[in-house]
Amino acid sequence: MRALFRTNVEGLDAVYVFANREDERIAFDSAFAAHQAGLDDPVAQVGDMTSPRSNVLTFYGVGGIGKTSLSRQLQARVESPDESLPEGWPAISEAPKVLTARLDLSREAGHDFESMILLLRAALAPLGRPMTAFDLAFARYWERNHSEPLADYMSRHGFFSRLPGASAVPQHLSEAVTEVIGLAGMGVPGLPLLVQTGPGLVAALRDRSRRRHALKDCRRLPDLLEADASLDSLSFYPHLLAWDLASWQRREPIGLVVFIDTFEQVGSRSDRDLERLIQRMVWLMPNAMFVVTGRNRLDWDDPGLADRLDWTGSVSWPGLAAGTSSEPRQHLVGFLSPRDCDRYLRTRLIRDGQPAIPADIRQRIVANSRGLPLYLDLSVMRFLHLLPRPEAMTPDDFSEPFPGIVARVFRDLDQAERSILRAVTLLDAFDVDLALVTAGVTSRAAAQQLVQRPLVLHAGDGRWPYYLHDLVREQVRVADVGLDDSWTPQDWSDAAARALIALGRIAVGSRLLRDRRTLISVLNQGFRLAHEYRLQLDWLVDAAYWYVEDSVWEPTLRPRVSADIEPDRELQLTTPAQTLAVALETIAKRQRVHRGETLRLLERCAAADGLGDQARDLIAYFHAECQRDLGHPAESEREMLGLIGPNRRMADAALRGLSHLQRRTGRFAALASQLQGRPLVGVWHRATGELHWTQGRLDDACREYDAGIAWASEERLPGEIALTSACRAWAASLMSAEAGRSAIDAAREALRSVTIAWAELLVACAEAACRAGEVDAEQLCDQLVSDARQRGLTSPEAYAQFARAFHFAVLADVDGLLRARALIRSLVHGHQFAYLCEIVDFWLGTSAPDDGLPAAQWVDERDVTAGRWLETVQSRRRDRQALRSVDGV
0 MRALFRTNVE GLDAVYVFAN REDERIAFDS AFAAHQAGLD DPVAQVGDMT SPRSNVLTFY
60 GVGGIGKTSL SRQLQARVES PDESLPEGWP AISEAPKVLT ARLDLSREAG HDFESMILLL
120 RAALAPLGRP MTAFDLAFAR YWERNHSEPL ADYMSRHGFF SRLPGASAVP QHLSEAVTEV
180 IGLAGMGVPG LPLLVQTGPG LVAALRDRSR RRHALKDCRR LPDLLEADAS LDSLSFYPHL
240 LAWDLASWQR REPIGLVVFI DTFEQVGSRS DRDLERLIQR MVWLMPNAMF VVTGRNRLDW
300 DDPGLADRLD WTGSVSWPGL AAGTSSEPRQ HLVGFLSPRD CDRYLRTRLI RDGQPAIPAD
360 IRQRIVANSR GLPLYLDLSV MRFLHLLPRP EAMTPDDFSE PFPGIVARVF RDLDQAERSI
420 LRAVTLLDAF DVDLALVTAG VTSRAAAQQL VQRPLVLHAG DGRWPYYLHD LVREQVRVAD
480 VGLDDSWTPQ DWSDAAARAL IALGRIAVGS RLLRDRRTLI SVLNQGFRLA HEYRLQLDWL
540 VDAAYWYVED SVWEPTLRPR VSADIEPDRE LQLTTPAQTL AVALETIAKR QRVHRGETLR
600 LLERCAAADG LGDQARDLIA YFHAECQRDL GHPAESEREM LGLIGPNRRM ADAALRGLSH
660 LQRRTGRFAA LASQLQGRPL VGVWHRATGE LHWTQGRLDD ACREYDAGIA WASEERLPGE
720 IALTSACRAW AASLMSAEAG RSAIDAAREA LRSVTIAWAE LLVACAEAAC RAGEVDAEQL
780 CDQLVSDARQ RGLTSPEAYA QFARAFHFAV LADVDGLLRA RALIRSLVHG HQFAYLCEIV
840 DFWLGTSAPD DGLPAAQWVD ERDVTAGRWL ETVQSRRRDR QALRSVDGV
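As structure tokens, then:
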């Protein structure tokens with residue numbers, strides 16, 4: 000519209016036009032009708048986890064072909080069927096009430112998986128009442144993971160404000176909690192939500208005699224309320240939302256269509272962490288139809304991806320397989336026909352009721368566009384620029400192919416706008432302030448004018464609401480040649496440096512505000528700039544340390560630094576920024592892959608040139624951690640010692656790492672001596688607690704862990720809270736089953752906001768120890784051993800075998816205890832884990848084998864320590880006998 004006010008031509012109107020996509024419209028209508036017809040019993044279908052899914056319609060094609068426009072037009076047609084439609088598009092016949100959601104997966108939109116789930120929930124807000132199962136679980140999740148009220152969060156993020164009824168979601172969550180705890184008879188005024196929706200409510204939901212409430216058929220709700228609310232657990236919540244929706248669909252026809260755009264940006268064939276969560280969402284919501292747009296066809300029908308995605312193969316996704324003819328299926332979006340291109344140009348600009356663009360010029364534009372919608376947009380922009388002197392305008396002004404038209408439009412801008420446009424080609428996304436700083440200009444008016452042009456796309460109301468199409472980004476740089484103000488290579492490098500400095504200031508602010516989403520966004524942009532222009536790492540090293548210090552590992556850290564991160568392929572690292580980016584992404588991903596894979600990738604990063612000492616120390620520390628986790632204590636200790644010294648940022652972490660190694664190898668007396676000379680503050684509470692439990696001082700261990708949790712809570716360190724809570728659960732589970740179960744609940748709550756594989760397995764080991772003497776204890780230990788080996792984590796495997804030994808000790812089963820000891824003995828390498836065998840020998844007494852086991856250096860006399868561990872078993876036996884007496888056994 001701004002261009003209209005730069006001409007004196009009267010009677011000129013700009014009209015929004017969507018280039019007709021009749022075949023795609025027919026495909027959507029057929030898919031939607033087929034999906035709705037297939038909802039015979041939506042509740043049963045939601046509960047069926049094995050049947051094939053036919054709820055995905057895919058449109059894929061090259062960049063600039065109009066996939067996003069198609070997606071938005073289809074959504075608008077569903078949302079407002081009575082409003083004006085593209086030419087030839089009929090209204091949806093006999094359509095049920097249809098709700099829609101839009102998930103933009105581009106980096107520019109800045110959505111993480113949590114916000115995607117919340118957007119799905121907000122899409123159902125127009126129904127006007129709670130989604131009871133989902134709202135109950137999500138309210139509990141939110142209170143545990145966020146200090147900010149949900150209403151404040153949603154009002155702060157503008158994309159929620161554009162959704163009708165979304166502001167009612169927090170109230171719906173509150174109503175759902177009140178309703179359920181009231182029906183279950185669990186409501187106690189004044190208690191925190193986490194308490195009211197804890198084990199008591201779960202037990203009530205499982206009690207069939209009390210299942211008179213609306214959730215009686217939602218069989219998986221209790222399990223999800225009990226589960227660790229990590230990112231992985233959150234990805235199963237769509238099942239609850241689908242169940243709630245299905246309950247509505249039983250009563251009246253309601254459709255939900257979810258439009259997922261820019262799917263090519265969720266990952267690559269070597270990194271599908273976020274894609275796995277999204278696929279899980281699609282599978283768990285068979286009563287919703289998903290319309291996916293992206294540059295590539297979905298390959299979920301490939302059975303070879305079974306190690307990266309949950310459901311693969313044409314059996315699971317018949318509609319995604321090649322050659323399928325029934326809808327919904329996959330469609331290649333082609334270029335526009337000449338007729339559609341001309342129709343677009345005829346109706347885009349109207350003058351006195353007639354097409355403003357003359358026929359000969361339209362014909363030339365159509366011929367050169369080759370059906371690319373983006374070319375048409377830019378040609379209209381150029382036409383408006385030339386309109387003040389129409390007598391000089393000829394078809395030759397529109398003779399260039401796409402690169403040429405971008406160059407023409409670029410050159411038509413004034414100098415300030417050209418500088419800003421050059422600058423923003425450096426950025427994944429931006430706002431006006433970042434654009435001005437990067438360009439090195441002060442004209443806010445020029446920046447505001449630029450962001451309203453067709454060259455610039457709008458991503459929403461996030462931190463950085465604007466971005467460029469990749470095709471435009473590439474061609475602007477090519478076009479910047481031969482102008483009086485063309486940028487030299489040094490100008491481009493200077494602009495990149497200015498952008499990096501500005502992003503660094505934002506990174507500092509994000510740390511002060513504990514805003515990890517913004518921190519990850521600046522890391523993604525900053526690494527790419529520093530890599531492409533070979534800039535100094537500067538604040539990126541600090542930000543990398545800030546990223547790891549919370550022990551929270553999001554899959555949204557995806558810096559584009561042109562590295563194919565796979566352990567079995569040669570990794571070419573050419574800049575320090577690329578090396579540190581790959582290392583940081585590898586560290587984050589280690590929670591979801593085998594530690595051996597992480598070790599190999601970090602070794603390649605450590606061997607690269609150009610890293611400073613601090614960046615190299617960060618990589619070396621996590622390499623040493625992997626050595627320890629894989630059962631290589633000597634190598635880990637040598638690397639940890641190499642990190643200790645004045646002004647070494649990882650020195651304190653390395654000292655803690657050495658304390659873990661001393662404990663694993665039974666050097667307890669030396670460890671106790673070191674801890675006595677160190678103030679017990681911060682994370683050292685955890686190290687002291689770990690020493691206490693190995694000595695059988697379980698009460699003392701729990702007290703130290705409590706102090707560590709209190710400190711971490713004050714410092715707002717969710718990762719340390721989770722780690723220490725997991726350790727406390729392990730110690731408490733050996734002390735008594737009752738204390739263990741309470742500590743396990745607390746640990747699982749702490750793990751809801753983070754993903755730490757080691758801590759999750761340790762809590763599972765604590766559960767096995769709590770079940771010592773029960774019939775399923777050994778089976779649980781078997782599963783734990785398998786899980787630990789799959790992750791490449793040796794200490795949880797050893798603890799699982801120790802829990803097995805504890806189980807047989809409580810039963811006084813000498814043969815079983817000897818078998819368990821042999822399993823632990825197989826894990827002993829040098830002195831590592833030998834102390835666990837020695838504790839088992841305390842329980843065996845004279846039956847203990849003499850196999851040359853290395854002796855531990857106990858803090859107290861060996862007999863004193865043995866007495867404490869014997870009392871641990873005898874206490875559990877007394878507890879079990881007391882329970883049997885109460886039960887009349």
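Note that my numbering has the sequence shown beginning at 0, numbered continuously upward.
Where is the CB? At the ideal position from N, CA and C, for every residue including glycine.
Item	Value
Contacting residues, own chain, Cβ-Cβ under 6 Å from residue 41 (five flanking each side not counted)	245, 248 and 286
For residue 802 and residue 767, believed in contact at Cβ under 8 Å, the rounded distance	4 Å
Backbone CA spacing between residue 454 and residue 429 [nearest angstrom]	14 Å
Those residues which DSSP pairs with residue 330 across a bridge	58
Residues bridged to residue 293 [DSSP beta-bridge criterion]	59
For residue 615, the three-state DSSP class (helix, strand or coil)	helix
Proximity of residue 700 and residue 692 at Cβ, strictly below 8 Å	yes
Expected contact under 8 Å - CB spacing of residue 437 and residue 494 to nearest Å	5 Å
Rounded Cβ spacing between residue 51 and residue 394 (contact assumed at less than 8 Å)	That pair is no contact at about 54 Å.
Residue interval of the alpha helix (DSSP H) (run including residue 788)	776-790
Buried versus exposed, by CB contacts within 10 Å (16 or more), residue 617	buried
Cβ-based neighbour list, residue 148, same chain, cut-off 8 Å, excluding 5 preceding and 5 following	169
Anticipated Cβ contact below 8 Å, residue 525 with residue 512, distance rounded	About 18 Å; that fails the 8 Å criterion.
Under the three-state DSSP convention, the category residue 866 falls into	helix
Euclidean distance between Cα positions of residue 349 and residue 120	41 Å
Beta-carbon proximity of residue 868 to residue 688, cut-off 8 Å	no
Span separating the alpha-carbon of residue 58 from that of residue 299	15 Å
Check whether residue 704 and residue 652 have beta carbons under 8 Å apart	no
Cα-Cα separation between residue 544 and residue 506, rounded to whole angstroms	12 Å
Cα-Cα separation, residue 100 to residue 685	45 Å
Proximity below 8 Å, CB of residue 234 to CB of residue 280	yes
Cα-Cα separation between residue 463 and residue 413, rounded to whole angstroms	24 Å
Nearest-angstrom Cβ-Cβ length linking residue 110 and residue 134, presumed shorter than 8 Å	Wrong, their Cβ atoms sit about 21 Å apart, outside the cutoff.
Where the beta strand (DSSP E) containing residue 720 begins and where it ends	From DSSP, residue 720 is part of no beta strand (DSSP E) but of the alpha helix (DSSP H) over 717-734.
Closest residue to residue 105 among 681, 392 and 273 (Cα-Cα distance)	273
Whole-number beta carbon distance between residue 872 and residue 717, since they are thought to touch under 8 Å	So it is not a contact: roughly 35 Å between Cβ atoms.
DSSP bridge partner residues for residue 429 (one or two, in chain order)	465
Length of the line joining the Cα atoms of residue 516 and residue 774	45 Å
Supposed close pair residue 55, residue 327 - CB separation, criterion 8 Å	6 Å
Residue environment, residue 3, which counts as buried when at least 16 other CB atoms sit within 10 Å	For residue 3, the pLDDT reaches just 46, beneath the cut-off of 50, and the residue's location in the model is therefore unreliable, although a value from the coordinates is still provided. Exposed.
Residues near residue 566 in its chain [Cβ-Cβ closer than 6 Å; skip 5 each side]	Low confidence applies to residue 566: its pLDDT is 48, below 50, so where it sits in the model is not reliable enough to give any reading.
With 16 other Cβ atoms within 10 Å as the buried cut-off, status of residue 95	exposed
Cα-Cα separation between residue 243 and residue 27, rounded to whole angstroms	25 Å
Proximal residues to residue 555 (C-beta, below 6 Å), its chain only, five neighbours per side dropped	111 and 519
Distance CB(residue 792)-CB(residue 757) smaller than 8 Å	yes
Close Cβ partners of residue 136 (< 8 Å) along its chain, the five nearest in sequence each way excluded	220, 223, 224, 236 and 239
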